[in-house]
Structures are given as C-alpha cells and as structure tokens.
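Student:
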Amino acid sequence: MANRFRTVEATIAGELAKPYVYGESDCFFLGCRMADALDPSLGLVDRYWRSYSTLSGAQRALRRRMCKSLVELFERHLDPIAPAMARIGDIAVLDLAGAEHVAICLGARFITRTEHGRSFHGVAECAAAFRAG
C-alpha cells in the first residue's frame with residue numbers, strides 16, 4: 001500500500017500543479033493519469049489526449065465514442081465498484097449540481113479539480129466508482 005500511496009500522492013500533486021486546460025489537464029485527465037499511473041498498460045492519457053479543448057467539446061468527444069456519460073466511458077476501461085468500496089487511488093465520477101466530474105479517492109473523501117482549483121467531496125456525491133490498479 002505504501003507504494004500505491006506514494007504513486008497516488010505524486011500523481012495528484014503533479015496534476016494539480018498544472019494549469020487547468022480542457023483536454024490536457026482537467027478533471028478527466030486527472031482520472032486518466034491516475035489510472036495510467038496505477039496500471040500503465042491502460043494508456044488512457046495517450047488515447048484521449050487533446051480530443052477536446054472546451055467543455056462542449058468534451059461532450060461531443062463523449063458522443064463520438066458512443067457514450068452518454070463519463071461513467072459509460074470509464075466502464076470501458078476499469079472495473080466498476082461501489083463508491084463506498086473505493087480505496088486510495090480509485091477513480092470516481094461525481095455528480096455535482098447535475099454535472100459530472102472525475103475524482104480520485106483519498107480514503108474518506110474524493111478530490112477533483114475544477115477551473116477554480118481542487119475540490120473535495122464525500123461518497124454521497126459519487127455517481128459511480130472504478131477500481132484503478
């Protein structure tokens with residue numbers, strides 16, 4: 001678990017240090033980078049890198065991939081789990097005021113990033129969760 005903790009910590013710190021850029025360093029790529037850090041064979045960052053550059057472009061990118069939600073997209077790559085069963089580093093999709101955000105489990109809470117910085121949330125805000133690594 002110690003190596004997993006260090007990997008999760010370093011990945012989150014590295015992502016939050018970057019400026020917020022749609023399609024490169026937003027909440028979706030926070031999740032993709034975490035999944036890749038814990039299982040490099042996934043290649044999610046390379047697969048989705050710069051596939052959109054705006055929020056509306058992100059929605060179009062989902063539809064092009066025949067997905068109605070981020071939950072559907074992550075189901076293609078990771079095993080779904082109950083949000084309450086998420087462990088450090090697992091990926092979650094939050095429902096925040098009707099908008100989906102990708103987050104990382106920190107144990108008792110989940111962290112996501114927005115254009116305004118990091119944001120912490122509880123399990124009750126999780127629409128879905130996925131095992132990473």
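Take the sequence shown: its position 29, counted from the start at 1, is 29 in my numbering, and no numbers get skipped. Each residue gets a CB set at the ideal place from its N, CA and C atoms; glycine is no exception. The structure displayed is predicted, hence computed values, not measured ones.
Could you tell me the alpha carbon to alpha carbon distance between H116 and A129, rounded to whole angstroms?
Tutor: Translated into positions along the sequence shown, residue 116 becomes position 116. Translated into positions along the sequence shown, residue 129 becomes position 129. Each residue's alpha carbon lies about 23 Å from the other.
Student: So, are the CB atoms of A132 and D26 less than 8 Å apart?
Tutor: In the sequence shown, residue 132 corresponds to position 132, counting from 1. In the sequence shown, residue 26 corresponds to position 26, counting from 1. No, Cβ-Cβ distance for A132 and D26 is not below 8 Å.
Student: Out of A58, A124 and G23, which has the shortest C-alpha to C-alpha gap to D46?
Tutor: The residue you call residue 46 lines up with position 46 of the sequence shown. Comparing Cα-Cα distances from D46 to each of A58, A124 and G23, the minimum goes to G23.
Student: Put S56 into one of helix, strand or coil per three-state DSSP.
Tutor: Mapped onto the sequence shown, residue 56 falls at position 56. S56 falls in the helix class under three-state DSSP.
Student: Below 6 Å CB to CB, which residues in the same chain sit around T11 once its five sequence neighbours on both sides are set aside?
Tutor: Working through the sequence shown from its first residue, we reach residue 11 at position 11. Non-local beta-carbon contacts of T11 in its own chain, meaning distances under 6 Å to residues more than five positions away in sequence, involve R33, M34 and A37 in chain order.
Student: Should H121 and R109 be called a contact, given that it needs their Cβ atoms to be closer than 8 Å?
Tutor: The count along the sequence shown starts at 1 and reaches residue 121 at position 121. The count along the sequence shown starts at 1 and reaches residue 109 at position 109. Contact: yes.
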